[in-house]
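Enquirer:
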Amino acid sequence: MMRFIEAIQFYEFLQKALITSVMVGIISGVIGCFIILRGMALMGDAISHAVLPGVAVSYMLGINFFIGAVVTGILTAIGIGYISQNSRVKNDSSIGIMFTSAFALGIILITMLKSSSDLYHILFGNVLAVRPSDMWMTLLIGVIVLGSVFLFYKELLVSSFDPIMAQAYGLPNKLIHYFLMTLLTLVTVASLQTVGIILVVAMLITPASTAYLLTDRLSIMIFLSAFFGMISAVVGLYLSFTYNLASGATIVLVATALFIATFIFSPKQGVFWRTIRANKQKSAVS
Amino acid sequence: MKDAIAVSNLNVSYYGKEVLHNINFSIEQGKLTGIIGPNGAGKSTLLKSLLNLIGKDKGDIMLLGSNLKGVRKRIAYVPQRSTIDWDFPITVKDTVLIGTYPAIGLMKRPSRKEKAWAMQCLEKVNMAEYQDRQIGELSGGQQQRVFLARALAQKADLFLLDEPFVGIDVTSEEMIVKILKELRDEGKTIIVVHHDLKKAEEYFDELLLLNRELIAAGSVKEVYTPGIIAKAYGSQLSFLNEVMAK
Chain A
168 MMRFIEAIQF
178 YEFLQKALIT
188 SVMVGIISGV
198 IGCFIILRGM
208 ALMGDAISHA
218 VLPGVAVSYM
228 LGINFFIGAV
238 VTGILTAIGI
248 GYISQNSRVK
258 NDSSIGIMFT
268 SAFALGIILI
278 TMLKSSSDLY
288 HILFGNVLAV
298 RPSDMWMTLL
308 IGVIVLGSVF
318 LFYKELLVSS
328 FDPIMAQAYG
338 LPNKLIHYFL
348 MTLLTLVTVA
358 SLQTVGIILV
368 VAMLITPAST
378 AYLLTDRLSI
388 MIFLSAFFGM
398 ISAVVGLYLS
408 FTYNLASGAT
418 IVLVATALFI
428 ATFIFSPKQG
438 VFWRTIRANK
448 QKSAVS
Chain B
477 MKDAIAVSNL
487 NVSYYGKEVL
497 HNINFSIEQG
507 KLTGIIGPNG
517 AGKSTLLKSL
527 LNLIGKDKGD
537 IMLLGSNLKG
547 VRKRIAYVPQ
557 RSTIDWDFPI
567 TVKDTVLIGT
577 YPAIGLMKRP
587 SRKEKAWAMQ
597 CLEKVNMAEY
607 QDRQIGELSG
617 GQQQRVFLAR
627 ALAQKADLFL
637 LDEPFVGIDV
647 TSEEMIVKIL
657 KELRDEGKTI
667 IVVHHDLKKA
677 EEYFDELLLL
687 NRELIAAGSV
697 KEVYTPGIIA
707 KAYGSQLSFL
717 NEVMAK
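If you read the protein sequences in the order shown, they are chains A and B. When we follow this note's numbering, the leftmost residue of the first sequence carries the number 168, and every step to the right adds one. When we follow this note's numbering, the leftmost residue of the second sequence carries the number 477, and every step to the right adds one.
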């Protein structure tokens with residue numbers, strides 16, 4: 168542990184890795200709450216994969232890859248909505264069709280343009296190679312995401328909880344949906360370096376689900392989820408550094424460990440206490 | 477008395493399949509109206525098309541003497557209980573507080589004043605002691621009362637309720653009816669989708685009898701007659717005889 172702290176003080180790349188991972192942990196935890204409450208976990212996975220061709224095209228055009236990523240992410244979200252609304256194909260199937268297509272296209276483009284090691288880093292993250300520009304970009308995305316959730320908390324709450332009422336009093340549900348999708352692509356791009364495209368969905372869903380098992384208030388859920396995302400990032404990075412493990416995968420497994428512990432021991436929802444309560448009740452009536 | 481709702485030539489379809497055909501009616505302000513009719517008659521669709529939650533193919537709708545845009549915030553809508561995610565991490569108190577959102581506007585938070593008002597509405601439906609419960613922990617009737625409290629918190633002039641009495645206990649049903657009648661006496665207009673003929677006579681001032689088309693509209697006395705009801709319910713006559721024979 169001391170060695171890790173010393174190393175952080177000593178190596179600038181490790182500082183940047185830590186700051187970036189913590190930021191990614193926080194923002195994916197925050198956005199993840201809305202993703203799981205809207206039943207869009209699969210959509211989160213899809214959008215994160217759909218970012219890949221955008222990254223490739225941006226590289227081709229020499230523009231910032233956030234632009235391309237947002238464009239292909241949103242196009243995929245629109246495509247998914249269009250197919251499921253205009254045919255009998257169910258939503259999960261249309262998600263499957265669209266994101267695998269986008270992902271496949273992305274793989275071909277990336278391997279055409281760059282080496283397969285670049286592809287590997289985009290898919291699985293390479294947190295120790297975070298450049299200063301990446302770190303600043305992540306911080307900027309963090310400000311945008313947290314600021315948006317803060318400013319539009321009320322609207323996000325009501326449109327997630329009761330979209331019909333939201334629409335009835337004049338909130339633009341569709342716009343809110345695509346706005347959330349945009350934030351989701353931004354979070355995905357921010358996490359390219361830390362956990363990579365493949366595992367980003369874990370950072371969106373796992374800390375948020377852990378928090379979901381612990382509270383009955385959305386505001387607290389958001390804070391807890393951000394906290395779990397951050398803890399996963401820090402502990403994951405530490406373990407990855409100390410035992411020389413793949414950083415993204417380690418971060419994700421720490422998040423999973425937190426989830427399993429909560430799944431078992433959460434005071435209200437945990438299976439452990441539930442079983443005890445159930446047995447107590449049984450023996451009380453028998 | 478001014479009309480709270482005036483609908484003319486309303487046609488609504490889902491993907492080319494006609495659900496409502498040429499609906500014309502008007503409802504005066506300060507009336508408690510039930511929309512009744514058999515399953516699949518388009519009752520909820522009518523309610524939703526009033527709020528443009530479902531687009532219409534044709535027709536004009538005037539609400540509170542204006543088009544929808546001008547009066548959205550003066551309308552409270554209570555959705556069917558089955559459309560709500562009861563596991564959502566929200567407490568009873570915060571659910572009612574949502575009723576104050578339309579008036580607060582973008583980017584602002586409810587203040588102490590709104591919170592106090594939400595509590596008052598919660599007390600009105602006798603649910604104050606459950607304020608910190610998660611909404612899924614309530615019974616069906618309690619849930620419906622909380623959603624009525626949310627509608628009250630909107631300080632609306634027009635209330636639209638979609639099947640509020642489905643799967644709830646007698647006490648809650650009686651309380652909801654009592655509050656709706658009080659609202660009517662204050663001059664509010666209330667429209668309730670109700671699939672059950674039982675008690676329709678007792679609950680409402682006016683009835684809209686619907687089965688894809690408008691079969692009849694008017695006071696309960698005019699509409700609630702065996703001949704007219706039979707026209708709407710057609711094949712479900714055995715059930716009907718039971719109700720009418722009571």
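For every residue, glycine included, the Cβ atom is placed at its ideal position computed from N, Cα and C.
1. In the DSSP assignment, what are the bridge partners of B/M538?
2. Pairing CB atoms from the stretch 698-708 of chain B with CB atoms from the stretch 540-547 of chain B, are three or more of them under 8 Å?
3. Contact check, A/L351 vs A/I198 under 8 Å by CB: the rounded distance?
4. Could you work out which residue in A/A296, A/V401, A/Q334 is closest to A/F180 when comparing CA atoms only?
5. Compare the C-alpha of A/T429 against each of A/F390, A/A375, A/N446 and name the closest.
6. Would you mind giving the Cβ-Cβ distance between B/D479 and B/S502, rounded to the nearest angstrom? I have them listed as a contact below 8 Å.
7. Less than 8 Å between CB atoms is the rule here; does B/I537 satisfy it with respect to chain A?
8. Is the CB of A/Y379 under 8 Å away from at least one CB in chain B?
9. Could you run through the stretch 416-441 of chain A and flag, in chain order, every residue whose CB is less than 8 Å away from some CB of chain B?
10. Could you confirm whether any beta carbon from chain B is found closer than 8 Å to the beta carbon of A/D259?
11. Helix, strand or coil: how does DSSP classify B/N500 here?
12. Can you pull the chain B residues whose beta carbon is under 8 Å from the beta carbon of A/T373, in chain order?
13. Could you tell me whether the stretch 298-316 of chain A touches the stretch 523-534 of chain B, where touching means 3 or more Cβ pairs closer than 8 Å?
14. Among A/I443, A/L185, A/Q448, which one has its Cα closest to the Cα of A/D301?
15. Kindly indicate if chain A contains any beta-carbon less than 8 Å away from that of B/M603.
16. Taking only the alpha-carbon atoms, compute the straight-line gap between B/Q596 and B/G541 and give it to the nearest angstrom.
17. From which residue to which residue does the beta strand (DSSP E) around B/A552 run?
18. Using the beta-carbon count (16 or more within 10 Å), is A/R205 buried or exposed?
19. Can you pull the chain A residues whose beta carbon is under 7 Å from the beta carbon of B/R548, in chain order?
20. How many Å lie between B/D563 and B/K589 at the Cα?
21. Please name the residue or residues paired with B/E689 in a DSSP beta bridge.
22. Could you compute how far the alpha carbon of B/L486 sits from the alpha carbon of B/S648?
23. Should A/Q176 be labelled buried (16 or more other beta-carbon atoms within 10 Å of its own) or exposed?
24. Cα separation between B/T571 and A/S392?
25. Which residue wins for smallest C-alpha separation from B/S558, given the options B/E682, B/I667, B/Q619, B/L683?
26. Since B/Y679 sits in a beta bridge, which residues does DSSP pair it with?
27. Check the Cβ-Cβ distances between A/T349 and every residue of chain B, and say whether any is below 8 Å.
28. Is DSSP giving B/F564 helix, strand or coil here?
29. If you draw a straight line from the alpha carbon of A/A378 to that of A/C200, how long is it in whole angstroms?
30. Taking 8 Å as the CB-CB limit, is A/F319 close to chain B?
Expert: Answer, in terms of the structure:
1. Note: B/M538 sits in a beta bridge opposite B/A482.
2. Here the stretch 698-708 of chain B does not lie against the stretch 540-547 of chain B, with fewer than 3 beta-carbon pairs under 8 Å apart.
3. The Cβ separation is near 6 Å, so the contact holds.
4. Its Cα nearest to that of A/F180, the residue A/A296 stands out among A/A296, A/V401, A/Q334.
5. Ranked by Cα distance from A/T429, the first of A/F390, A/A375, A/N446 is A/A375.
6. That belief holds up - the Cβ atoms of B/D479 and B/S502 are roughly 5 Å apart, short of 8 Å.
7. With a threshold of 8 Å between beta carbons, B/I537 makes no contact with chain A.
8. Residue-level contact by beta carbon holds for A/Y379 and chain B, with a gap shorter than 8 Å.
9. Within the stretch 416-441 of chain A, no residue places its CB atom closer than 8 Å to a CB of chain B.
10. No, because no Cβ of chain B sits closer than 8 Å to the Cβ of A/D259.
11. Of the three classes helix, strand and coil, the one that applies to B/N500 here is strand, per DSSP.
12. The contacting residues do not exist; A/T373 stays about 17 Å from chain B at best.
13. No, because fewer than three Cβ pairs between the stretch 298-316 of chain A and the stretch 523-534 of chain B fall closer than 8 Å, the two stretches do not touch.
14. Of the listed residues, the one whose Cα sits closest to A/D301 is A/L185.
15. At a cut-off of 8 Å between C-beta atoms, B/M603 does not count as an interface residue with respect to chain A.
16. Between B/Q596 and B/G541, the C-alpha separation is close to 30 Å.
17. Secondary structure note for B/A552: its beta strand (DSSP E) is the uninterrupted segment 551-554.
18. Around the CB of A/R205, 16 or more other CB atoms lie within 10 Å, so the residue is classed as buried.
19. Under the 7 Å cutoff, chain A gives Y336, G337.
20. Each residue's Cα considered, the two are about 28 Å apart.
21. Answer by DSSP bridge pairing, in chain order: B/N687.
22. Our two residues, B/L486 and B/S648, have alpha carbons roughly 34 Å apart in a direct line.
23. When all chains shown are included, A/Q176 counts as exposed.
24. Here the alpha carbons of A/S392 and B/T571 stand approximately 22 Å from one another.
25. Among B/E682, B/I667, B/Q619, B/L683, the Cα nearest to that of B/S558 belongs to B/Q619.
26. The bridge partners DSSP lists for B/Y679 come to none.
27. Cβ-Cβ to chain B under 8 Å: no for A/T349.
28. In the structure shown, B/F564 adopts coil according to DSSP, grouped into three states.
29. Rounded to whole angstroms, A/A378 to A/C200 spans 8 Å at the Cα level.
30. Any Cβ of chain B closer than 8 Å to the Cβ of A/F319 would place that residue at the interface, and such an atom is present.
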